[in-house]
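Data block below; observations after.
Numbering (this note's numbering), first residue to last: 68 to 423.
The following block contains the structure:
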């Protein structure tokens with residue numbers, strides 16, 4: 068397994084949207100999702116290495132993690148379910164999820180009633196929003212957008228047509244992102260993806276949108292460093308593990324009418340047991356429910372829509388004290404390869420959470 072870090076910089080307005088409202092298209096999502104990056108890398112590679120790309124679609128070896136923004140050198144992350152903000156002064160407050168376990172055990176939802184500036188009953192949730200950790204506290208951040216208008220051209224009339232003026236609300240040039248690509252084989256080198264310095268993603272690429280410069284670096288010690296970090300967390304937390312979703316998380320479930328999805332990771336390891344709370348109706352504090360859909364490269368037909376827990380959701384587990392070494396290594400591997408199916412498209416990407 069090879070782990071690559073990807074530094075990205077938006078060079079032209081970028082827009083990734085799941086829906087269009089009239090003639091206005093607005094960029095949606097706090098991050099650039101894994102399936103978007105997968106298409107941006109493998110799409111152009113198909114023209115030069117069609118057989119390798121087809122084999123990758125049939126037997127995925129590349130895992131594309133979602134790319135999160137970077138603000139003033141600080142990596143953004145999704146706020147977990149117990150992150151709040153004051154409506155009056157904007158102060159951000161966090162309830163340590165490990166300390167919140169006692170409240171959950173008493174059938175109480177962990178809440179913050181007063182902000183650090185003593186504003187009472189003015190708290191709203193930030194679950195799933197972009198935050199950066201600065202001076203030991205979370206700080207909410209928002210990406211910068213720019214508005215671009217474009218005239219649509221009718222390919223039959225060879226000219227503009229009534230009601231074909233579009234407005235794109237896109238990510239501004241200069242925005243920076245960080246991502247991870249995991250190669251379980253040797254596909255990055257075979258497809259010469261390591262040598263790429265630019266990709267195009269999102270909508271309107273034929274109009275010059277979505278140009279992104281990239282820098283890819285091999286991280287040789289990433290797995291060992293993550294395993295050591297997780298081992299320290301397990302020792303400090305007495306075997307309690309909290310997994311934070313960095314992408315949509317779901318697992319398949321058989322139902323009477325076929326197959327459905329549940330907003331939980333597919334974890335079946337005997338050394339990792341869920342810690343369930345009646346007030347949560349399970350072992351998850353979910354920030355939101357997100358949908359995921361696409362098209363099959365083979366059949367050219369839509370694939371079934373998946374619904375899972377949104378980024379920032381927390382999942383509670385406990386491991387046996389005799390399995391800490393095995394647990395830390397396995398969790399580190401899953402941190403990069405994903406917890407369950409669909410990780411090649413950027414789903415089921417999670418990390419062992421800890422308050423630094």
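No residue lacks a Cβ here, since even glycine has one placed at the ideal position from N, Cα and C. Note that the structure is a prediction, hence the values are computed from the model and not measured.
Contacting residues, own chain, Cβ-Cβ under 6 Å from residue i (five flanking each side not counted)
| i | result |
| --- | --- |
| residue 184 | 156 and 158 |
| residue 231 | 219 |
| residue 320 | 327 and 329 |
| residue 76 | 243 and 280 |
| residue 354 | 148, 194, 195, 377, 379 and 380 |
| residue 90 | 233 |
| residue 141 | 199 |
| residue 265 | 280 |
| residue 277 | 81, 267, 268 and 269 |
| residue 116 | 258 |
| residue 289 | 70 |
| residue 352 | 148 and 381 |
| residue 422 | 163 |
| residue 324 | none |
Expected contact under 8 Å - CB spacing of residue i and residue j to nearest Å
| i | j | result |
| --- | --- | --- |
| residue 129 | residue 254 | 5 Å |
| residue 378 | residue 314 | 6 Å |
| residue 279 | residue 78 | 6 Å |
| residue 373 | residue 404 | Not a contact, Cβ separation roughly 19 Å. |
| residue 109 | residue 123 | 7 Å |
| residue 97 | residue 127 | Going by Cβ atoms, the distance from residue 97 to residue 127 rounds to 25 Å, so no, they are not a contact pair. |
Sub-8 Å separation of residue i and residue j beta-carbons
| i | j | result |
| --- | --- | --- |
| residue 191 | residue 235 | no |
| residue 381 | residue 164 | yes |
| residue 147 | residue 384 | no |
| residue 81 | residue 238 | yes |
| residue 187 | residue 181 | yes |
| residue 67 | residue 251 | Given a span of 68 to 423 for the chain in the structure shown, any question on residue 67 remains unanswerable. |
| residue 92 | residue 270 | yes |
| residue 407 | residue 318 | yes |
| residue 334 | residue 386 | no |
| residue 375 | residue 316 | yes |
| residue 208 | residue 143 | yes |
| residue 94 | residue 223 | no |
| residue 153 | residue 189 | yes |
Other residues of its chain near residue i: CB distance less than 7 Å, five sequence neighbours each side excluded
| i | result |
| --- | --- |
| residue 395 | 294, 297, 298 and 301 |
| residue 176 | 346 |
| residue 291 | none |
| residue 304 | 165 |
| residue 393 | 338 |
| residue 240 | 77, 78, 79 and 80 |
Same chain, Cβ closer than 8 Å to residue i, neighbours up to 5 away in sequence not counted
| i | result |
| --- | --- |
| residue 344 | 171, 172, 174, 350 and 383 |
| residue 206 | 159, 198, 199 and 200 |
| residue 119 | 112, 254, 257 and 258 |
| residue 106 | 268 |
| residue 216 | 232, 233, 234 and 235 |
| residue 71 | 247, 248, 249, 250, 255, 261, 283, 284, 285 and 286 |
| residue 162 | 149, 150, 151, 177, 178 and 179 |
| residue 401 | 417 |
| residue 167 | 149 and 177 |
| residue 342 | 168, 307, 350, 383, 384 and 385 |
| residue 348 | none |
Residue-chain proximity (residue i, chain C), Cβ-Cβ < 8 Å
| i | result |
| --- | --- |
| residue 309 | Of the protein chains in the structure, only one exists, and it is not chain C. |
Cβ pair count under 8 Å reaching 3, the region 353-362 against the region 335-344
no
Mind the definition here: the region 255-267 touches the region 278-286 only if three or more C-beta pairs lie below 8 Å; say whether that holds.
yes
Fully enclosed by the region 115-186, which alpha helix (DSSP H) runs are 4 residues long or longer?
117-125 and 168-172
Segments assigned beta strand (DSSP E), at least 3 residues, entirely inside the region 318-354
318-322, 325-329 and 339-341
Inspect the CB distances between the region 237-249 and the region 131-151 and report whether three or more fall short of 8 Å.
yes
Answer yes if the region 97-104 comes into contact with the region 405-415, meaning at least three C-beta pairs across the two stretches below 8 Å, and no otherwise.
yes
Unbroken beta strand (DSSP E) runs of length 3 or more, entirely within the region 228-257: which are they?
243-250
Please specify which runs of the alpha helix (DSSP H), each continuous and at least 4 residues long, are wholly inside the region 78-117, giving them in chain order.
101-115
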